[in-house]
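Trainee: Have a look at this one.
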Amino acid sequence: MWYLKSVRTRFPPSPTGLLHVGGLRTALYSYLVAKQSKGEFLVRIEDTDRERFVPGATKNILRTLHWADLDPDEGVILDQGEVSGKGNRGPYIQSQRLDIYKKYADELLKKGSAYRCFCSSERLDQMREDQQKRKEAPMYDRLCCSLSEEEVQKKVDAGESHVLRLKIPRSEKITFTDDIRGNLTFMGHTIDDQVLMKSDGFPTYHLAHVVDDHLMDIDIVIRGEEWLSSLPKHLLLFQELGWKPPRYAHVPLLLNKDKTKLSKRQNDVAAEDYIDKGYLPEALLNFLALLGWNPGTSEEIFSMDELIENFSIERVQKSGAIFDTEKLDWLQGQWIRKISVNEFADRIRPVVSEKYHEVENDSDFEAKASLIQDRLTFFPEAVEMMGFFYKAPKVKADLLVNEKQKVTKEILPEVMEALKDTLESIDEKGWDEENLKEVLFKLSEDKEWKKGQVLWPLRAALTGLPYSPGAFEVASVLGKEETIARIASVKNT
RNA sequence: GGCCCCAUCGUCUAGUGGUUAGGACGCCAGGUUUUCAUCCUGGUAACAGGAGUUCGAUUCUCCUUGGGGCUACCA
């Protein structure tokens, strides 16, 4: 993918709560498009709805974006953990741009592209109800359009509460090409006269989106499909303001199992939920990228750099995707195996040390961690899996008896005795995986025991678990002294 | 109800006017491994329906059906 010019994209969350995984995906797509053209990715805060405003939400969303490695180049950023701004097209928080919206609202009013509406919400409710009863599309009936200039002025002077509505040219046909969906057509008479400015002086999303994305030089607007039906209003606004609209790409929705819009009731929808569950950002992003997009090859594991390299908005799917986390778990496993042992150890150290404080001073922690890296999907599983390293298990002989491995009650004492003697004979210096393997294989050969007859009891005696890393690995990490001690302490009953 | 969008295995998806309709996850079976996990091999399973265009449609067109989104002084 290459571009003639760098592309500016934006992600505009509302500070009404936690970052939604669907939002994280559109943020990712926007980020990728900007980065692959060496352009800028901006974050703008859309806080025009004071009712739903949640204090602290902005900081939280920014923190989550940072976790996902989607830090904005411009706009609202996190500076030393505090919300701050960057760039010369600000402010980037809509509540701080009220005078700007006012200016363009006045312009639209003067041009006759918009009009003041004094209707009460009661009247509007009643009107819609009546329309519904008559099986008509609920739309503003333009009552206030028939007000004379004098009447309007009188009401304004009297301080009557009112909103500003966009006057949709009803006879117009609006066509547009979406980057994902292709050609779209809307008839003017099916579009409602959208409110542009609320009575409290705040703009609605529609006006703010058009003004901001123009003033912030956004080249392509990537947003959820739920905005598709308001696209003509936005297009009309650009037209009335005399501006060139950006490219648009409406990405398909993320769905619940029943194919409805992904919702809290049925799923964990906050990105934070997945952070809390221990998913790696690489895994979540990889998963999200693949929900609705594919490279056209059979490649499935993508790092951020590879996504930047390969992503293209044209290959994004048109239909919605069920948010089914089974593949996420698989990707999580893939990414866990991909990170370095060092990093892996760093990730599980805090979790494990919560239960086993010895971890903090354990210089062999990394070696132990490496034994379980291929075996787990979530970091907390490490606690269970590594416990035996720090606390000698109380092992009963029952566990060492294993029918499938042909370890019988009768043979067991002899095996244990031989194991002890053999291991005793190994020099401390030669106590490593390779050597242990050689010596123990020889033991089974000499005694004409199957490998399992020797190794199953050994492994079980050392770990106290039915499933665990292998006997050689564990014995090697545990060291000679501890290994022999554990063999000796197996209870016979 | 109105407007708009969408439709390939259970899920994420590839794909072409003529293919044994491909891959991945999941599931099942087998193999490697002392166990489990990993890993490898194989299997399971899909073009919503009906017309039309065509020598031939999963692919193009239309209709039906199904699903979804929007229909707020929310975004």
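Here numbering that gives the first Met the number 0 is used: the first residue of the first sequence is 0, the next is one more, and so on.
C-beta atoms are modelled at their ideal positions from N, C-alpha and C, and glycine is treated no differently.
Could you name the residues of the same chain whose beta carbon sits closer than 8 Å to that of L214, not counting the 5 residues immediately before and after it, in chain order?
Mentor: Here residue 214 is taken as the residue at index 215 of the first sequence, counted from 1. Only R88 and I99 meet the Cβ criterion.
Trainee: Excluding the 5 residues flanking L370 on each side, which residues of the same chain have their C-beta closer than 6 Å to its C-beta?
Mentor: Start at 1 with the first residue of the first sequence, and residue 370 comes out as number 371. Answer for L370: P468 and E472, listed in chain order.
Trainee: Would E73 be called buried (16 or more neighbouring beta carbons within 10 Å of its own) or exposed?
Mentor: Along the first sequence, read from residue 1 onward, the residue named residue 73 stands at position 74. That one is buried.
Trainee: From the DSSP output, read off the bridge partner residues of L422.
Mentor: By one-based count along the first sequence, residue 422 stands at place 423. For L422, which the question treats as bridged, DSSP gives no partner whatsoever.
Trainee: So which of D420, G332, P14 and P412 has the shortest CA-CA distance to L375?
Mentor: Sequence index remark: in the first sequence, residue 375 carries index 376 (1-based). Of D420, G332, P14 and P412, the residue nearest in Cα terms is G332.
Trainee: Starting from the C-beta of R49, find all residues in its chain whose C-beta is less than 6 Å away, skip the five residues before and the five after it, and write them out in chain order.
Mentor: Against the first sequence, residue 49 aligns to sequence position 50. Same-chain partners within the cutoff: there are none.
Trainee: Look up H161 in the DSSP assignment and say whether it is helix, strand or coil.
Mentor: As a working note, residue 161 is residue 162 in the first sequence. Three-state result, H161: coil.
Trainee: Excluding five sequence neighbours on each side, which residues of the same chain lie with their C-beta closer than 8 Å to the C-beta of G84?
Mentor: Your numbering for residue 84 matches position 85 in the first sequence. The residues are G74, V75, I76, P90, Y91 and I92.
Trainee: Out of curiosity, what's the CA-to-CA distance linking K172 and G187?
Mentor: Residue mapping note: residue 172 aligns to position 173 of the first sequence, counting from 1. Residue mapping note: residue 187 aligns to position 188 of the first sequence, counting from 1. Cα to Cα, K172 sits roughly 6 Å from G187.
Trainee: Quick check on the DSSP output: the alpha helix (DSSP H) that includes N309 runs from which residue to which?
Mentor: To locate residue 309, count along the first sequence from 1; it is residue 310. Run containing N309: M303 to N309, per the alpha helix (DSSP H) assignment.
Trainee: Can you list, in chain order, the residues of its chain with a C-beta nearer than 7 Å to that of W242? Leave out the 5 residues immediately preceding and following it.
Mentor: Position 243 of the first sequence holds residue 242. Taken in chain order, the residues that qualify are H213.
Trainee: Please name the residue in I321, W334 and Q131 whose C-alpha comes closest to that of M303.
Mentor: In the first sequence, counting from the first residue as 1, residue 303 sits at position 304. Checked all of I321, W334 and Q131; the closest Cα to M303 is W334.
Trainee: Going by beta-carbon coordinates alone, are Y500 and D177 separated by less than 9 Å?
Mentor: Here the chain comprises residues numbered 0 to 492, so residue 500 is not present and cannot be evaluated.
Trainee: Ignoring anything shorter than 4 residues or poking outside the segment 455-486, list the alpha helix (DSSP H) runs there in chain order.
Mentor: Listed in chain order, the complete alpha helix (DSSP H) runs (minimum 4 residues) inside the segment 455-486 are 470-477.
Trainee: What span of residues does the beta strand (DSSP E) with I221 cover, start to end?
Mentor: Here residue 221 is taken as the residue at index 222 of the first sequence, counted from 1. Counting along the chain, the beta strand (DSSP E) containing I221 begins and ends at I219 to G223.
Trainee: Excluding five sequence neighbours on each side, which residues of the same chain lie with their C-beta closer than 6 Å to the C-beta of Y278?
Mentor: Looking up residue 278 in the first sequence gives position 279. Excluding positions up to five away in sequence, the list reads Q331.
Trainee: Near Q131, which residues of its chain fall below 8 Å by C-beta distance, leaving aside the five closest residues on each side in sequence?
Mentor: If you number the first sequence from 1, residue 131 lands on position 132. Correct list, in chain order: P137.
Trainee: Per DSSP, T8 is paired with what?
Mentor: Stepping through the first sequence from its first residue, residue 8 is reached at position 9. F40.
Trainee: List the DSSP bridge partners of R246.
Mentor: Start at 1 with the first residue of the first sequence, and residue 246 comes out as number 247. Paired residues: I219.
Trainee: DSSP three-state label for W430, please.
Mentor: Within the first sequence, residue 430 is the residue found at index 431, counting from 1. Looking at W430 - three-state DSSP - the assignment turns out to be coil, as it is neither helix nor strand.
Trainee: Quick check on T184: buried or exposed, where buried means 16 or more other Cβ atoms within 10 Å of its Cβ?
Mentor: Here residue 184 refers to the residue found at position 185 when the first sequence is read from its first residue. Exposed, because fewer than 16 other Cβ atoms sit within 10 Å of the Cβ of T184.
Trainee: Please classify C118: does DSSP put it in a helix, a strand, or coil?
Mentor: Along the first sequence, one-based indexing puts residue 118 at 119. If DSSP states are grouped into helix, strand and coil, C118 belongs with coil.
Trainee: Do the CB positions of L422 and T482 come within less than 9 Å of each other?
Mentor: For the purposes of this step, residue 422 is taken as residue 423 along the first sequence, with counting starting at 1. For the purposes of this step, residue 482 is taken as residue 483 along the first sequence, with counting starting at 1. For L422 and T482, yes; Cβs fall inside 9 Å.
Trainee: Pairs of beta-carbons, one from the segment 337-346 and one from the segment 426-444, closer than 8 Å: are there three or more?
Mentor: Touching, no, given that fewer than three Cβ pairs across the two stretches are closer than 8 Å.
Trainee: On the criterion of 16 or more Cβ atoms from any shown chain inside 10 Å, does K102 qualify as buried, or is it exposed?
Mentor: Start at 1 with the first residue of the first sequence, and residue 102 comes out as number 103. Flag for K102 reads exposed.
Trainee: Is the segment 440-459 close to the segment 353-365, with three or more CB pairs under 8 Å?
Mentor: Touching, no.
Trainee: Out of curiosity, what's the CA-to-CA distance linking K86 and Q95?
Mentor: Your numbering for residue 86 matches position 87 in the first sequence. Your numbering for residue 95 matches position 96 in the first sequence. First, the residue type needs correcting, since residue 86 is Gly and not Lys in the sequence shown. Near 15 Å, if we compare the C-alpha coordinates of Q95 and G86.
Trainee: Starting from the C-beta of M0, find all residues in its chain whose C-beta is less than 6 Å away, skip the five residues before and the five after it, and write them out in chain order.
Mentor: For the purposes of this step, residue 0 is taken as the residue at position 1 of the first sequence. For M0, the predicted model reports a pLDDT of 48, less than 50, meaning its position is unreliable; a value from the coordinates is still stated below. These residues qualify, in order along the chain: Q35 and S311.
Trainee: Can you give me the start and stop residues for the beta strand (DSSP E) that M493 sits inside?
Mentor: The requested residue 493 does not occur in the structure, where the chain is confined to residues 0 to 492.
Trainee: Look up A270 in the DSSP assignment and say whether it is helix, strand or coil.
Mentor: Here residue 270 is taken as the residue at index 271 of the first sequence, counted from 1. A270 falls in the helix class under three-state DSSP.
Trainee: Put G84 into one of helix, strand or coil per three-state DSSP.
Mentor: Working through the first sequence from its first residue, we reach residue 84 at position 85. The answer is strand: DSSP assigns G84 an E or B state.
Trainee: Hey, quick one: how far does the alpha helix (DSSP H) through T25 stretch, first residue to last?
Mentor: Taking the first residue of the first sequence as position 1, residue 25 is located at position 26. It spans V20 to Q35 - the alpha helix (DSSP H) in which T25 sits, taken as one unbroken run.
Trainee: Which of the three DSSP states is assigned to K490 in this structure?
Mentor: Here the question's residue 490 lines up with position 491 in the first sequence. Note: K490 maps to strand in three-state DSSP.
Trainee: Which of the three DSSP states is assigned to G16 in this structure?
Mentor: For the purposes of this step, residue 16 is taken as residue 17 along the first sequence, with counting starting at 1. The answer is coil: DSSP assigns G16 none of H, G, I, E or B.
Trainee: Where does Y276 sit, in a helix, a strand or coil, going by DSSP?
Mentor: Indexing the first sequence from 1 puts residue 276 at position 277. In the sequence as displayed, the identity of residue 276 is Lys instead of Tyr. Coil at K276, not helix or strand.
Trainee: With a Cβ-Cβ cutoff of 9 Å, do V250 and G291 count as a contact?
Mentor: Counted from its first residue, the first sequence places residue 250 at position 251. Counted from its first residue, the first sequence places residue 291 at position 292. Yes, the pair counts as a contact, with Cβ atoms nearer than the cut-off.
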